[in-house]
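*Asks:* Here's a structure for you.
In our numbering, the protein residues as written are 295 to 830.
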């Protein structure tokens, strides 16, 4: 067992996370800077590579920045920051140009980019690479990062906490600024220190706080929780976007059933023991073609009303040849799990999809703490408001990655400070890892039941009580035992769950993705929910 960190790494910039936000930031920094990318799994294991849609940008005839801004503001239900929205929209063409220059294989139409249209957009403006844009972009950036001599990638390295000048320096310095991070190297099972004048949180969202999510296992809110513990504000954490139809199967692991299945005639039904009854017409005249938040709420209502684990999406009335042509990937994945969608319905549940809130930043991606930036889904820039417009998320990563890189270059590094090594001399190895897995399961289940798609004051109160019990138990575990990835992720998820519940309790209305039965109306004035940590 270690008594302290054995290695100190010193860089010009430390980037935590290897999705689109992190890789873009690294590549946009000067080639003479020494840059470290720390990622807790493999370099390709984040959410960005899962993005099927594309990147929104005004590039087509008849489209305009004003139209893109207006579409974003409408989707955000009055809570978007117009200045941030305009900033992102106006820098979108530049971002697409940069990706094209790197060699990203976007789908072409002749000698021009093919633009598609998605829900909420008034024009065709979605740049894409077939139906796997995220994977294509990520692969391009990964190849560039691997080839860059100034960028070092540290895989299976897990963020423990940020290093602060007034807590972790050998000679404490005020005012507080971020000096880097403590990071668990899983291969060596040791906590190292990464020191850098500029640290970027690009850690993604927190979908794993819920029982059902479209997110990969890495989405545990690490950056949001670490920034909050360090003293940064967070905002709008109550706005969690849920996708209506995620495949329900123990081996499915976050596989989405595209909304196009409903668009092509798919019908949502109750399970056979309840008569396989179609239920969407009871909830909205548009039935299965209603917006995703309405469909998700309807499914949630029926699941809770009947105490059922899922509902069923039936497209089997379409010809087999049609399904093979339009949904080959869905058909193949379901067949692998023993589901023949040409003959039987698909079991589905809504799934947590995107975290619209996060760490408060300005238009340069700066947080409340000097030396700390936040880019991508972990951040709150004001762009998404109460509901994210499709294909604005990858765009946000690109635009704020450039803004962060430019700001870092514009601000010379302060003098280096000696940082205390990690000390675990008074802890032991945990002998009951089962406690962590049980707490993880309990958290995700009660967050799904009480803080999911439809909320009430009573449900939120129940969740808050359970979170407090978990917090005290995990705090004791963290203080007594050697840190592991599972423990760190659980600690972060409980912190994020607390932030979601506190934000939801403060919003006394229904707006966008936050729907409360106790407050079904929308207030005339839209205000963000901003949480401020206790000064320490």
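C-beta: ideal position from N, C-alpha, C; glycine also.
Here the structure is a predicted model, which is why all the values come from computation and not from measurement.
1. Whose CA, out of 327, 774, 585, lies closest to the CA of residue 807?
2. Can you say whether residue 661 is buried or exposed, counting buried as having 16 or more other CB atoms within 10 angstroms of its CB?
3. Output needed for residue 744: all residues of its chain with C-beta closer than 7 Å, excluding positions within five of it in sequence on either side, in chain order.
4. Assuming contact is defined by CB atoms lying nearer than 8 Å, are residue 529 and residue 827 in contact in what I supplied?
5. Measuring CB to CB, does residue 420 end up less than 8 Å from residue 348?
6. Quick one: grab the DSSP three-state call for residue 685.
7. Have a look at residue 694 and residue 790 and give me their C-alpha separation to the nearest angstrom.
8. Taking 8 Å as the threshold, find out whether the region 361 to 373 comes into contact with the region 401 to 410 through three or more Cβ pairs.
9. Restricting to Cα atoms, I'd like to know which of 596, 670, 778 is closest to residue 482.
10. Does the Cβ of residue 517 have 16 or more other Cβ atoms within 10 Å, making it buried, or fewer, making it exposed?
11. In the DSSP assignment, the alpha helix (DSSP H) including residue 427 goes from what residue to what residue?
12. Cα-Cα, which of 539, 773, 722 is closest to residue 640?
13. Can the beta-carbon of residue 708 be found closer than 8 Å to that of residue 491?
14. Look at residue 816 and residue 805 and say whether their C-beta atoms are less than 8 Å apart.
15. Mapping DSSP to helix, strand and coil, what is residue 517?
16. Please report the straight-line C-alpha distance between residue 626 and residue 423, rounded to a whole angstrom.
17. Would you mind reading off the limits of the beta strand (DSSP E) that contains residue 667?
18. Considering only residues of the region 572 to 625, which uninterrupted alpha helix (DSSP H) runs meet the minimum length of 4 residues and lie entirely inside it, listed in chain order?
19. Taking DSSP as the reference, what is the three-state secondary structure of residue 674?
20. How many angstroms separate the CA atom of residue 689 from the CA atom of residue 696?
21. I need the straight-line Cα distance from residue 820 to residue 372, nearest angstrom please.
22. Using 8 Å as the threshold, is the C-beta distance between residue 501 and residue 507 below it?
23. Cβ of residue 788 within 7 Å of any heavy atom in the ligand FMN?
24. Which word fits residue 535, buried or exposed, when buried means at least 16 other C-beta atoms lie within 10 angstroms of its C-beta?
25. Given a cut-off of 8 Å, decide if residue 487 and residue 457 are closer than it, judged by their beta-carbon atoms.
26. Using beta-carbon positions only, say whether residue 498 and residue 670 come within less than 8 Å of one another.
27. Of all the beta strand (DSSP E) runs that stay within the bounds of the region 479 to 542, which reach a length of 3 or more residues?
28. Buried or exposed: where does residue 512 fall if 16 or more other Cβ atoms within 10 Å of its Cβ makes it buried?
29. Considering only the alpha carbon of each residue, which of 350, 306, 318 lies closest to residue 330?
30. Following the continuous alpha helix (DSSP H) through residue 387, name the residue where it begins and the one where it ends.
31. Which two residues bound the contiguous beta strand (DSSP E) that contains residue 448?
32. Once DSSP output is grouped into helix, strand and coil, what is the label at residue 299?
33. Quick check on the DSSP output: what are the complete beta strand (DSSP E) runs of length 3 or more inside the region 630 to 664, in order along the chain?
34. In the DSSP assignment, the beta strand (DSSP E) including residue 563 goes from what residue to what residue?
35. How many Å lie between residue 327 and residue 489 at the Cα?
36. Check the DSSP bridge columns for residue 744 and list the partner residues they point to.
*Replies:* With the structure as the only source:
1. Looking up residue 807 in the chain shown gives position 513. Closest option to residue 807, Cα to Cα, is 585.
2. To locate residue 661, count along the chain shown from 1; it is residue 367. Classification of residue 661: buried, given that the 10 Å Cβ count is 16 or more.
3. Stepping through the chain shown from its first residue, residue 744 is reached at position 450. Sequence-distant partners of residue 744 (beyond 5 residues in either direction) whose C-beta falls short of 7 Å from its own C-beta, in its chain, are 753, 754, 756, 757.
4. For the purposes of this step, residue 529 is taken as residue 235 along the chain shown, with counting starting at 1. For the purposes of this step, residue 827 is taken as residue 533 along the chain shown, with counting starting at 1. Against a cut-off of 8 Å, the Cβ pair of residue 827 and residue 529 comes out as no contact.
5. By one-based count along the chain shown, residue 420 stands at place 126. By one-based count along the chain shown, residue 348 stands at place 54. For residue 420 and residue 348, yes; Cβs fall inside 8 Å.
6. Here residue 685 refers to the residue found at position 391 when the chain shown is read from its first residue. Secondary structure at residue 685: coil, using DSSP grouped into helix, strand and coil.
7. Working through the chain shown from its first residue, we reach residue 694 at position 400. Working through the chain shown from its first residue, we reach residue 790 at position 496. One C-alpha to the other measures close to 23 Å.
8. The count of Cβ pairs closer than 8 Å, one atom from the region 361 to 373 and one from the region 401 to 410, stays below three, leaving the stretches out of contact.
9. For the purposes of this step, residue 482 is taken as the residue at position 188 of the chain shown. The shortest C-alpha separation from residue 482 is found at 778.
10. Within the chain shown, numbered from 1, the residue matching residue 517 stands at position 223. Counting Cβ neighbours within 10 Å, residue 517 comes out buried, since at least 16 surround it.
11. Residue numbering aside, residue 427 sits at position 133 when the chain shown is read from its first letter. Under the DSSP assignment, residue 427 falls in the alpha helix (DSSP H) whose first and last residues are 427 to 441.
12. Locating residue 640 in the chain shown gives position 346, where the first residue counts as 1. Taking the Cα of residue 640 as reference, the smallest distance to any Cα among 539, 773, 722 is reached at 539.
13. The residue labelled residue 708 in the question sits at position 414 within the chain shown. The residue labelled residue 491 in the question sits at position 197 within the chain shown. Yes, the pair counts as a contact, with Cβ atoms nearer than the cut-off.
14. Here residue 816 is taken as the residue at index 522 of the chain shown, counted from 1. Here residue 805 is taken as the residue at index 511 of the chain shown, counted from 1. In terms of Cβ geometry, residue 816 and residue 805 form a close pair [threshold 8 Å].
15. By 1-based counting over the chain shown, the position of residue 517 is 223. Note: residue 517 maps to helix in three-state DSSP.
16. What you label residue 626 is simply residue 332 of the chain shown in a count that begins at 1. What you label residue 423 is simply residue 129 of the chain shown in a count that begins at 1. Note on geometry: alpha-carbon atoms of residue 626 and residue 423 lie some 21 Å from one another.
17. Walking along the chain shown from the start, residue 667 turns up at place 373. Element bounds for residue 667: 666 to 668.
18. Listed in chain order, they are 586 to 600, 614 to 620.
19. The residue you call residue 674 lines up with position 380 of the chain shown. Note: residue 674 maps to strand in three-state DSSP.
20. On the chain shown, position 395 is the one that residue 689 refers to. On the chain shown, position 402 is the one that residue 696 refers to. When only Cα atoms are considered, residue 689 and residue 696 end up about 11 Å apart.
21. Along the chain shown, one-based indexing puts residue 820 at 526. Along the chain shown, one-based indexing puts residue 372 at 78. Separation of residue 820 and residue 372 (C-alpha to C-alpha, rounded to the nearest whole angstrom) is 6 Å.
22. Residue numbering aside, residue 501 sits at position 207 when the chain shown is read from its first letter. Residue numbering aside, residue 507 sits at position 213 when the chain shown is read from its first letter. Yes; because the gap between Cβ atoms is below 8 Å, this pair is in contact.
23. This structure does not include the ligand FMN; it has no bound ligands of any sort.
24. Here residue 535 refers to the residue found at position 241 of the chain shown. By the neighbour-count rule (16 or more Cβ atoms within 10 Å), residue 535 is buried.
25. Counted from its first residue, the chain shown places residue 457 at position 163. Counted from its first residue, the chain shown places residue 487 at position 193. For residue 457 and residue 487, yes; Cβs fall inside 8 Å.
26. Translated into positions along the chain shown, residue 498 becomes position 204. Translated into positions along the chain shown, residue 670 becomes position 376. Between residue 498 and residue 670, the gap from beta carbon to beta carbon is short of 8 Å.
27. Assignment of beta strand (DSSP E) within the region 479 to 542, counting only whole runs of 3 or more residues, yields 484 to 489, 492 to 495, 534 to 541 in chain order.
28. One-based indexing of the chain shown puts residue 512 at position 218. The residue in question, residue 512, is buried, as its Cβ has 16 or more Cβ neighbours within 10 Å.
29. Within the chain shown, residue 330 is the residue found at index 36, counting from 1. Comparing Cα positions, the closest option is 306.
30. The sequence position of residue 387 within the chain shown is 93, counting from 1. If you look at residue 387, you'll find it in the alpha helix (DSSP H) that goes 386 to 396.
31. Residue mapping note: residue 448 aligns to position 154 of the chain shown, counting from 1. For residue 448, the enclosing beta strand (DSSP E) starts and ends at 445 to 448.
32. Position 5 of the chain shown, counting from 1, holds the residue named residue 299. In this prediction, residue 299 scores a pLDDT of 46, lower than 50, which makes its location untrustworthy; the coordinate-derived value is nonetheless stated afterwards. Residue state, collapsed to three classes: coil.
33. Positions of the beta strand (DSSP E) runs, each at least 3 residues long and wholly inside the region 630 to 664, are given as 640 to 649, 652 to 654 in order along the chain.
34. In the chain shown, residue 563 corresponds to position 269, counting from 1. Segment 561 to 563, the beta strand (DSSP E) holding residue 563.
35. Translated into positions along the chain shown, residue 327 becomes position 33. Translated into positions along the chain shown, residue 489 becomes position 195. In a straight line, the C-alpha of residue 327 is about 14 Å away from that of residue 489.
36. Taking the chain shown and counting its residues from 1, the one referred to as residue 744 is at position 450. In the DSSP output, where bridge partners are listed per residue, residue 744 has none listed.
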